[in-house]
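Heads up, the thing below is written out as structure tokens.
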Amino acid sequence: MTDLAAPTTAPPPAQATSPLNWIRQNLFNTWYNSLLTILLLWIAYQLVPPIVTWLTVDAVWWAAPSEVCREAAGACWAFIHEKWRFIVFGFYPHAEQWRPALAMVIGLGLLAASCNRALWNRWLALGWLIGLPAIGILMSGGILGLTHVPNTRWGGLPLTLGLAVIGLVVAFPLGILLALARRSDMPAVRAVAIIYIELIRGVPLITILFMASLIIPLFLPSGVNFDRLARAQIGMIMFAAAYLAEVIRGGLQAIPKGQYEAADSLGLSYWQKQRLIILPQALRISIPPIVNTFIGFFKDTSLVIIIGLFDLVGAARASLADAEWRGFYKEAYLFIALIYFFFCYMMSAYSQHLERTLDHSNRRKGDLG
Amino acid sequence: MSATDTQQAPSVGRGSGEPMIQIRQLSKWFGNFQALDNIDLTVSRRERIVICGPSGSGKSTLIRCINALEPYQKGELLVDGIPVSDNLKNIDAVRSEVGMVFQQFNLFPHLTVLDNLTLAPIWVRKIPRAEAEETARYYLERVRIPEQADKYPGQLSGGQQQRVAIARSLCMKPKIMLFDEPTSALDPEMIKEVLDTMTELAKEGMTMLVVTHEMGFARKVANRVIFMDEGRIVEQNDPETFFNNPQSERTRLFLSQVLGH
Ligand SMILES: Nc1ncnc2c1ncn2[C@@H]1O[C@H](COP(=O)(O)OP(=O)(O)O)[C@@H](O)[C@H]1O
Ligand SMILES: [Mg+2]
Numbered sequence: 001m002t003d004l005a006a007p008t009t010a011p012p013p014a015q016a017t018s019p020l021n022w023i024r025q026n027l028f029n030t031w032y033n034s035l036l037t038i039l040l041l042w043i044a045y046q047l048v049p050p051i052v053t054w055l056t057v058d059a060v061w062w063a064a065p066s067e068v069c070r071e072a073a074g075a076c077w078a079f080i081h082e083k084w085r086f087i088v089f090g091f092y093p094h095a096e097q098w099r100p101a102l103a104m105v106i107g108l109g110l111l112a113a114s115c116n117r118a119l120w121n122r123w124l125a126l127g128w129l130i131g132l133p134a135i136g137i138l139m140s141g142g143i144l145g146l147t148h149v150p151n152t153r154w155g156g157l158p159l160t161l162g163l164a165v166i167g168l169v170v171a172f173p174l175g176i177l178l179a180l181a182r183r184s185d186m187p188a189v190r191a192v193a194i195i196y197i198e199l200i201r202g203v204p205l206i207t208i209l210f211m212a213s214l215i216i217p218l219f220l221p222s223g224v225n226f227d228r229l230a231r232a233q234i235g236m237i238m239f240a241a242a243y244l245a246e247v248i249r250g251g252l253q254a255i256p257k258g259q260y261e262a263a264d265s266l267g268l269s270y271w272q273k274q275r276l277i278i279l280p281q282a283l284r285i286s287i288p289p290i291v292n293t294f295i296g297f298f299k300d301t302s303l304v305i306i307i308g309l310f311d312l313v314g315a316a317r318a319s320l321a322d323a324e325w326r327g328f329y330k331e332a333y334l335f336i337a338l339i340y341f342f343f344c345y346m347m348s349a350y351s352q353h354l355e356r357t358l359d360h361s362n363r364r365k366g367d368l369g
Numbered sequence: 001m002s003a004t005d006t007q008q009a010p011s012v013g014r015g016s017g018e019p020m021i022q023i024r025q026l027s028k029w030f031g032n033f034q035a036l037d038n039i040d041l042t043v044s045r046r047e048r049i050v051i052c053g054p055s056g057s058g059k060s061t062l063i064r065c066i067n068a069l070e071p072y073q074k075g076e077l078l079v080d081g082i083p084v085s086d087n088l089k090n091i092d093a094v095r096s097e098v099g100m101v102f103q104q105f106n107l108f109p110h111l112t113v114l115d116n117l118t119l120a121p122i123w124v125r126k127i128p129r130a131e132a133e134e135t136a137r138y139y140l141e142r143v144r145i146p147e148q149a150d151k152y153p154g155q156l157s158g159g160q161q162q163r164v165a166i167a168r169s170l171c172m173k174p175k176i177m178l179f180d181e182p183t184s185a186l187d188p189e190m191i192k193e194v195l196d197t198m199t200e201l202a203k204e205g206m207t208m209l210v211v212t213h214e215m216g217f218a219r220k221v222a223n224r225v226i227f228m229d230e231g232r233i234v235e236q237n238d239p240e241t242f243f244n245n246p247q248s249e250r251t252r253l254f255l256s257q258v259l260g261h
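Line order of the protein sequences matches chains A and B. Those letters in the first sequence? Residues 1 to 369, by the numbering used here. Those letters in the second sequence? Residues 1 to 261, by the numbering used here.
This is the structure we're talking about:
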């Protein structure tokens, strides 16, 4: 920090290596590396061809009765053809499934736009202001000539995305507040934060969901009927907030004391200091663990199955209950695995992009290669 | 080392008599360790005071008490008549009159130079952004790095960063500037550019308290030099007397070490 950035030394001139040379230098440079290379090649030879054959050559690709699938040696994509709408939308009425589809498009579209800071303007805010109620109306109906669909029938991907996105959007600021509280000078505030975080972290999410769905209603007055989905959502928010708080606290601890002192000496208030100086830096450092928590949380939404909600995993399992199509679980899980992978990979890719664009570390402009 | 030889010395004087900082019987403890022991010090407007002393003698602690970065346990401390106490209102009032420059610069690495300079004026002083930027560019000009406005601190040299830090404080239009070893983290070739900036500031009549071991700067710029040891002010005098005729043995020893005789 105190030194001039050192002048960059030019990288050594790239050596023109032939592919053969590269293989010799990297894969067969010692006897044990040669052995490992051969072993891995052999394992790949044993595994890859049968898997690829099962996935493609031997598979039933198009719509077909289940008997055809049972005679074929490969994967039964006919099952997906038959069941994808159920897996993606769960028990949402078949004829109305355009509604959750549209709701997802609106929600994901707004999220995608919000990922680009160049688009943070009045119009985007307006988009959210209109988009969120629109999503609610589409999902629930009951007005504008849309039939009412109670949220007990919501399921599949919209449920998974809804739980995850709402959960994280609410849990994130809560996590920030908890992290700040845990580092507060006020002993009472600190104690509350520590107790909350340690209690929640000490308990599995399944238990929290159970408590949210079974135990909390016992304490509510009998007239009050608290929606099951809302209870699950609250349980998940409480859970995510505790984990995010600890991740963010890690980032806060990495900020040098001098940053606080500089902000103090300029007369910034506590909240100005946190918001303008400390958190932007702490959150940037914490991007990898935050995204790690996000991805874990996204997948953890599948636990709502134990309180009877049919998220993507739940719907996939339910689709296998059809007597005619029983047993095609490999196909069902591969299908939802692809969907999970797509969203998780998107989060990961975006976090890497963010890390790059927010990196103002000790480099002169010319050095950025 | 005297980095300011080429600069003309500002007119020597006691300032204008009006007290800006009044410290009486100030004592501070870190746990059981007494870091400041009955400090008495009055600083008048336009005074330039250099504080020196061995490491751990309480120099930083003393000037950090002045803008309430450290609390103190005993005594009295007034800045421009405002008592520095636990009262948050007073602390805000004092901090808005006192600028501070740190050894490690403490620029905000996630903001551009210009944003570093405009942040506090916009959020604390509630000055419109355009006006704040105009002021910021004026002070960047003054510290001779107007062309760096859009860079990030990490892209600047240490000397440039420290000048940005000085400009950042000046943008708040402080009445008093505190410097805590502003050149100690710098490579030798960059010390002069920072001292030059500080010398100019002194010439314009800024009230300054500077913790430094740059004795050349003290000779040229200070109107009073204070020597601290073990949390006490051991000696204070005008630079002429301080350097040529130190009163205490400890001062003499310290000077011989710093000046390398
Ligand atoms: N935050 C702190 N906690 C405990 N002791 C401290 C703290 N800050 C400073 N000290 C002690 O107080 C004494 C004076 O420190 P300081 O004012 O930084 O000295 P100087 O700036 O003259 O080198 C030192 O002995 C130091 O160890
Ligand atoms: Mg010090």
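Quick reminder that beta carbons are idealized off the backbone N, C-alpha and C, glycines included.
Tell me the rounded alpha-carbon separation between Ala382 of chain A and Gly127 of chain A. Residue 382 of chain A is absent from the structure shown; chain A starts at 1 and stops at 369.
Check the Cβ-Cβ distances between Gln253 of chain A and every residue of chain B, and say whether any is below 8 Å. Residue-level contact by beta carbon fails for Gln253 of chain A and chain B, as no gap is shorter than 8 Å.
Could you pull out every unbroken alpha helix (DSSP H) segment of at least 4 residues lying fully inside the region 117 to 203 of chain A, listed in chain order? Entirely contained in the region 117 to 203 of chain A, the alpha helix (DSSP H) runs reaching 4 residues are, in chain order, 122 to 140, 156 to 182 and 187 to 201.
Among the residues of its own chain, which have a CB less than 6 Å from the CB of Leu312 of chain A, if the five just before and after it don't count? For Leu312 of chain A, where only same-chain residues beyond five positions count, the Cβ hits under 6 Å are Gly156, Leu157, Thr160 and Ile336.
For a contact meaning CB atoms closer than 9 Å, what does Leu180 of chain A contact in chain B? Within chain B, no residue comes near Leu180 of chain A; the closest Cβ sits about 18 Å away, beyond 9 Å.
Using only the heavy atoms of ligand 2, determine whether one of them is closer than 7 Å to the beta carbon of Lys203 of chain B. Lys203 of chain B has its Cβ no nearer than 7 Å to any heavy atom of ligand 2.
Pro280 of chain A by DSSP, collapsed to three states: which one? Helix at Pro280 of chain A.
CB-CB length for Gly205 of chain B against Arg46 of chain B, believed under 8 Å: Confirmed, Cβ separation roughly 5 Å.
At a cut-off of 7 Å, is Ser57 of chain B close to ligand 1 when judged by its beta-carbon and the heavy atoms of the ligand? At least one heavy atom of ligand 1 is found less than 7 Å from the C-beta of Ser57 of chain B.
Expected contact under 8 Å - CB spacing of Asp58 of chain A and Ala72 of chain A to nearest Å: Contact flag correct, Cβ pair sits at about 6 Å.
When you compare each of A:Ala262, A:Cys76 and A:Phe86 to Phe179 of chain B by their alpha carbons, which one comes out closest? Nearest option by C-alpha distance: A:Ala262.
Fully enclosed by the region 88 to 147 of chain B, which alpha helix (DSSP H) runs are 4 residues long or longer? Runs of the alpha helix (DSSP H) lying entirely within the region 88 to 147 of chain B, each at least 4 residues long, are 88 to 95, 113 to 123 and 129 to 142 in chain order.
Answer yes or no: the CB of Phe30 of chain B versus the heavy atoms of ligand 1, is any distance below 7 Å? Checking every heavy atom of ligand 1 against the Cβ of Phe30 of chain B, one is found closer than 7 Å.
Please report whether the beta-carbon of Ala118 of chain A lies at a distance below 8 Å from any beta-carbon of chain B. By this cut-off, Ala118 of chain A is not an interface position.
Between Asp40 of chain B and ligand 2, is there a pair consisting of the residue's CB and a ligand heavy atom that are separated by less than 7 Å? No - ligand 2 has no heavy atom lying nearer than 7 Å to the Cβ of Asp40 of chain B.
With 7 Å as the C-beta to C-beta threshold (strictly closer), list the residues of the region 245 to 273 of chain A near chain B in chain order. Answer set for the region 245 to 273 of chain A: Gly258, Gln259, Glu261, Ala262, Asp264, Ser265, Leu266, Gly267, Leu268 and Gln272.
Would you report the Cα separation of Gln396 of chain A and Val88 of chain A, rounded to the nearest angstrom? In the structure as shown, chain A starts at 1 and stops at 369, and residue 396 of chain A therefore has no counterpart that could be examined.
Chain B contact for Gln281 of chain A (CB, 8 Å cutoff): Proximity of Gln281 of chain A to chain B, defined by a Cβ-Cβ separation below 8 Å, is satisfied.
Stretch pair the region 84 to 102 of chain A + the region 144 to 154 of chain A: three plus CB contacts closer than 8 Å: The region 84 to 102 of chain A, when compared against the region 144 to 154 of chain A, does touch it at the 8 Å Cβ threshold.
If you measure beta-carbon to beta-carbon, which residues of the region 282 to 311 of chain A are closer than 8 Å to chain B? In summary, the residues of the region 282 to 311 of chain A whose CB is separated from some CB of chain B by less than 8 Å are Arg284, in the order they occur in the chain.
Contact list for His110 of chain B against chain E, beta-carbon separation under 9 Å: Any reference to chain E falls outside this structure, whose protein chains are A and B.
Please confirm if Gly154 of chain B has its CB atom under 8 Å from at least one CB of chain A. Proximity of Gly154 of chain B to chain A, defined by a Cβ-Cβ separation below 8 Å, is satisfied.
Three-state secondary structure (DSSP) at Ala344 of chain A? It should be noted that the sequence gives Cys, not Ala, for residue 344 of chain A. In this structure, Cys344 of chain A counts as helix in the three-state DSSP scheme.
Report the residues of the region 116 to 129 of chain B with a CB closer than 8 Å to any CB of chain A, ordered along the chain. Those would be Leu119, Ala120, Trp123 and Val124, in chain order.
Counting along the chain, where does the beta strand (DSSP E) carrying Trp29 of chain B start and finish? Element bounds for Trp29 of chain B: Pro19 to Phe30.
Considering just the uninterrupted stretch of the beta strand (DSSP E) at Lys74 of chain B, what are its terminal residues? Per DSSP, Lys74 of chain B is one residue of the beta strand (DSSP E) stretching across Lys74 to Val79.
Met198 of chain B versus chain A: which residues are under 9 Å apart at the beta carbon? Taking a Cβ-Cβ cut-off of 9 Å, Met198 of chain B has no neighbours in chain A, whose nearest Cβ is about 17 Å from it.
Would you say the beta carbon of Glu181 of chain B is closer than 7 Å to some non-hydrogen atom of ligand 2? Glu181 of chain B Cβ: within cutoff of ligand 2.
Checking contacts by CB at 8 Å: is Gln25 of chain B closer than that to chain A? So, not an interface residue.
In or out: Gly107 of chain A buried (at least 16 other Cβ within 10 Å) or exposed? Gly107 of chain A comes out buried.
Buried or exposed for Gln46 of chain A, going by 16 or more other Cβ atoms inside 10 Å? Result: exposed.
Is Met172 of chain B close to chain A? Criterion is C-beta to C-beta, closer than 8 Å. Chain A, which has a Cβ nearer than 8 Å to the Cβ of Met172 of chain B, makes this yes.
Within 7 Å: the Cβ of Gly53 of chain B and any heavy atom of ligand 1? For ligand 1, at least one heavy atom lies less than 7 Å from the Cβ of Gly53 of chain B.
Cβ atoms of Ser57 of chain B and Met208 of chain B: under 8 Å apart, would you say? Using a Cβ distance threshold of 8 Å, Met208 of chain B and Ser57 of chain B do not count as a contacting pair.
Which residues in chain A sit within 9 Å of Asp86 of chain B, going by Cβ to Cβ distance? Close partners of Asp86 of chain B in chain A (Cβ separation under 9 Å) are lacking, with about 12 Å as the shortest Cβ gap.
Under the three-state reduction of DSSP, which class applies to Leu214 of chain A: helix, strand or coil? Three-state DSSP puts Leu214 of chain A in a helix.
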